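Working notes, structure below.
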Amino acid sequence: MKYLEVPSLSHLSTLLTGCDAGDSLIYGRLEAYTCKRAGSDKKLYKELNQQYEELSKSPDSQEALSTSPFGPLSLSTSRRTFISLISTLNASFPDYDFSELKPEHFRKEQSLHNCINDINTTLTSVLPESQAFLSRLWNTLEAEIKVTECDLYSYIPDTDSDPFSEEGNIWCFNYFFFNKKLRRVVFFTCRAASKINGRDPASGDYGWSVEDQIAEEMDL
0 MKYLEVPSLS HLSTLLTGCD AGDSLIYGRL EAYTCKRAGS DKKLYKELNQ QYEELSKSPD
60 SQEALSTSPF GPLSLSTSRR TFISLISTLN ASFPDYDFSE LKPEHFRKEQ SLHNCINDIN
120 TTLTSVLPES QAFLSRLWNT LEAEIKVTEC DLYSYIPDTD SDPFSEEGNI WCFNYFFFNK
180 KLRRVVFFTC RAASKINGRD PASGDYGWSV EDQIAEEMDL
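Note that numbering that gives the first Met the number 0 has the sequence shown beginning at 0, numbered continuously upward.
See the structure below:
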């Protein structure tokens, strides 16, 4: 997966990063990737595709693989989607290896309305005056990825070995907006970290409100 520099998504990520939510700090990222495979992605695709293709031929595995969130993994299109999401995670978190993830680590979201409601409810609960941000968020996503045409997936973190189980994390959500026609994925990951050990060491900042940032922009 190749990272795409999309200024509007980068700006939203900046607005979320380090936002003060009372007893926690919010860290969010919205990143776009093209589904074109290159380098290590090609190797990973070849290995996982072959692995699941062989498993799908085994009578003992057919029932489990036929009910994956991506459709029957006996189909190359289903395997391609599954591997694309793994590659997206690998690209977004280069210090971690997600190649051992299983289909059950993902969930296909059946309703865009429910997805929007979940994200809005979660962010509103920690950023109670965030309506300006949420409006900008959904307008930007529709412009960049056409959310109404996307397949929606979420990643269910494994508490043993991934970046979402770090000490201090209170909650997180991880959504993929996958537009097969555009051959693009937008990954939206967001977490709340306790202020006790949730400071972003790279920024040196303890947090601010998304409303302050939007208001500052409007004054410029």
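Ideal Cβ positions, reconstructed from N, Cα and C, are used throughout, including at glycine.
Everything numeric in this text was worked out from a predicted model, so none of it was measured.
**Asked** Hey, quick one: how far does the beta strand (DSSP E) through C171 stretch, first residue to last?
**Response** Its beta strand (DSSP E) spans residues 168-178.
**Item:** Cα-Cα separation between A191 and N173, rounded to whole angstroms
**Value:** Each residue's alpha carbon lies about 12 Å from the other.
**Asked** So, do the segment 133-153 and the segment 168-188 have three or more beta carbon pairs nearer to each other than 8 Å?
**Response** Here the segment 133-153 makes contact with the segment 168-188; the two share three or more CB pairs at distances below 8 Å.
**Prompt:** Given that a residue counts as buried once 16 or more other Cβ atoms are within 10 Å of its Cβ, and exposed if not, what is G38?
**Reply:** By the Cβ-count criterion, G38 is exposed, with fewer than 16 other Cβ atoms from all chains shown falling within 10 Å of its own Cβ.
**C-beta atoms of G17 and L8 nearer than 8 Å** = Against a cut-off of 8 Å, the Cβ pair of L8 and G17 comes out as no contact.
**Item:** Identity of the residues DSSP links to Y152 by a beta bridge
**Value:** Residue pairing of Y152 in beta bridges, as defined by DSSP: K107, F175.
**Message:** Am I right that L260 and L133 are in contact with their C-beta atoms under 8 Å? What's the rounded C-beta distance?
**Reply:** Outside the displayed span of the chain (0 to 219) sits residue 260, for which this structure offers no information.
**Request:** Verify whether the separation of the beta carbon atoms of Y32 and F105 is less than 8 Å.
**Result:** By the CB criterion at 8 Å, Y32 and F105 fall outside the cutoff.
**DSSP-derived helix/strand/coil call for R135** = In this structure, R135 counts as helix in the three-state DSSP scheme.
**Request:** Using beta-carbon positions only, say whether C220 and V185 come within less than 8 Å of one another.
**Result:** With the chain running from 0 to 219 in the structure shown, residue 220 is simply not present.
**Message:** Just to check my reading of the structure: K180 and D22 have Cβ atoms closer than 8 Å, yes? What is that Cβ distance to the nearest angstrom?
**Reply:** Contact annotation, K180 with D22: C-beta distance approximately 43 Å; criterion of less than 8 Å not satisfied.
**Prompt:** Who does T33 pair with in a DSSP beta bridge?
**Reply:** Its beta-bridge partners are K1, R183.
**Request:** Write down the C-beta distance between M0 and S75 rounded to the nearest angstrom, noting that I regard them as a contact closer than 8 Å.
**Result:** Not a contact, Cβ separation roughly 18 Å.
**Request:** Look up A227 in the DSSP assignment and say whether it is helix, strand or coil.
**Result:** Residue 227 is absent from the model: the chain starts at 0 and stops at 219.
**Prompt:** If you drop the 5 nearest sequence neighbours on each side, which residues of the same chain put their C-beta closer than 6 Å to that of R36?
**Reply:** Excluding sequence positions up to five before and after R36, its CB lies within less than 6 Å of the CB of Y44, all in the same chain and listed in chain order.
**Asked** From G27 to T13, what does the alpha carbon distance come to, in whole angstroms?
**Response** One alpha carbon belongs to G27, the other to T13, and they sit about 8 Å apart.
**Message:** Here's the rule: buried if 16 or more other CB atoms are within 10 angstroms of the residue's CB, otherwise exposed. What is R78?
**Reply:** The residue is buried, with at least 16 neighbouring Cβ atoms inside 10 Å.
**Secondary structure, beta strand (DSSP E): runs of 3+ residues fully inside the segment 33-58** = The segment 33-58 contains no whole beta strand (DSSP E) run of 3 or more residues.
**Whole-angstrom distance between D96 and N116, CA atom to CA atom** = Taking the straight line joining both Cα atoms gives about 31 Å.
**Request:** Quick one: measure Cβ to Cβ for L3 and L136, integer angstroms, because I've assumed they're closer than 8 Å.
**Result:** Rounded to the nearest angstrom, the Cβ distance from L3 to L136 is 18 Å, too far for a contact under 8 Å.
**Prompt:** Do P102 and P58 come within 8 Å of each other at the CB atom, strictly closer than that value?
**Reply:** When the beta-carbon positions are compared, P58 and P102 stay at least 8 Å from each other.
**Request:** Determine the direct distance from the alpha carbon of Y51 to that of S124, and round the result to whole angstroms.
**Result:** Going by C-alpha positions, S124 is about 40 Å away from Y51.
**Prompt:** Which residues in the same chain have their Cβ closer than 7 Å to the Cβ of I169, if we skip the five residues on either side of it in sequence?
**Reply:** Excluding sequence neighbours, I169 sits near S23, A191, A192, S193.
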